[in-house]
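Engineer: Under our numbering, the first residue of the sequence shown is numbered 753, with each subsequent residue one higher.
Mind looking over this structure? Questions follow.
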Amino acid sequence: MNVESSRVGYDASPLLEEMLARDPIAQLRTWLDDAYATPGLSEPNAMCLSTVDSAGRISSRIVLLRGLDTRGLAFYTSYFSRKAQAIGDHPQVAINLYWAPLHRQVRIEGRVLQLPEDESDAYFASRPRGHQLGAWASEQSEPIADRNTLAERMAHFEERFEGEEVPRPHSWGGYVVTPEYVEFWQGQPNRLHDRLAYERDGRSWRITRIQP
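Okay, here's the thing in structure tokens:
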């Protein structure tokens, strides 16, 4: 492997202003549909979520987009996780979605709010039972002695909830990111990429082309 000389050529069609929806959520939905329709593209809803804690330390991780509506982008996690603690300290985040086969990425910056409990309940109820039990077994981001201890915790909750529905832990639920800045990036030849950014302008959005 030679990271200095490894390169990929981009030959996608240009991204032009007249091609964009006036609202970034609508445009994101279109690009997500394209990603889901692309053969071999794994987990199109995977996104990198970056947070900043009270000490100014930036942390990034991959989470799954689990909701998209006029409010913004929703994801779910433990309220005691490192990301949730950072959100509590500084409720501004950045998100990046990247679809390599399409030579596309979307950058989002915005404010985070906790979703209502009824929405978290509804999503939790839709999860596979093993995932529900895993939310009880794992105290996310906390140290644990070894893998066997985690397996023992899982077995404990399998026994505890045997024969009944698994309720949502009060320590687990959803967040929604309300976008304030959204940038759509389309790879182009010679690194002259298309970058079109949405920024809030009152109740509407202003679209600006940015140099690559």
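Cβ coordinates follow ideal geometry from the N, Cα and C atoms, glycine included.
Predicted model, so just to flag it, every value in this text is computed and none were measured.
Thinking C-beta only, is Ile860 closer than 9 Å to Glu914?
Structural biologist: Within the sequence shown, the letter at position 162 stands for residue 914. Within the sequence shown, the letter at position 108 stands for residue 860. Going by C-beta atoms, Glu914 is not nearer than 9 Å to Ile860.
Engineer: Distance cutoff 9 Å, beta carbons only. Does Val864 sit that close to anything in chain B?
Structural biologist: Although the question refers to chain B, the structure presented lacks it and comprises just one protein chain.
Engineer: Can the beta-carbon of Ser923 be found less than 9 Å from the beta-carbon of Ser830?
Structural biologist: Reading the sequence shown from its first residue, position 171 is the one you call residue 923. Reading the sequence shown from its first residue, position 78 is the one you call residue 830. For Ser923 and Ser830, yes; Cβs fall inside 9 Å.
Engineer: To the nearest angstrom, how far is it from the Cα of Gln940 to the Cα of Asp953?
Structural biologist: Residue mapping note: residue 940 aligns to position 188 of the sequence shown, counting from 1. Residue mapping note: residue 953 aligns to position 201 of the sequence shown, counting from 1. Approximately 28 Å, taken between the alpha carbons.
Engineer: Can you tell me whether Asp841 is helix, strand or coil according to DSSP?
Structural biologist: Your numbering for residue 841 matches position 89 in the sequence shown. DSSP places Asp841 in helix when its eight states are reduced to three.
Engineer: Tell me which residue opens and which closes the beta strand (DSSP E) that Glu871 is part of.
Structural biologist: The residue given as residue 871 occupies position 119 in the sequence shown. Segment Glu869 to Ser878 is the alpha helix (DSSP H) holding Glu871; no beta strand (DSSP E) there.
Engineer: Taking DSSP's pairing of strands, which residues face Tyr927 in a bridge?
Structural biologist: Numbered from 1 along the sequence shown, position 175 holds the residue referred to as residue 927. Its beta-bridge partners are Phe827 and Gln866.
Engineer: Under three-state DSSP, which class holds Thr960?
Structural biologist: Taking the sequence shown and counting its residues from 1, the one referred to as residue 960 is at position 208. DSSP places Thr960 in strand when its eight states are reduced to three.
Engineer: Tell me which residue opens and which closes the alpha helix (DSSP H) that Leu885 is part of.
Structural biologist: Looking up residue 885 in the sequence shown gives position 133. Leu885 -> alpha helix (DSSP H) spans Arg881 to Ala889.
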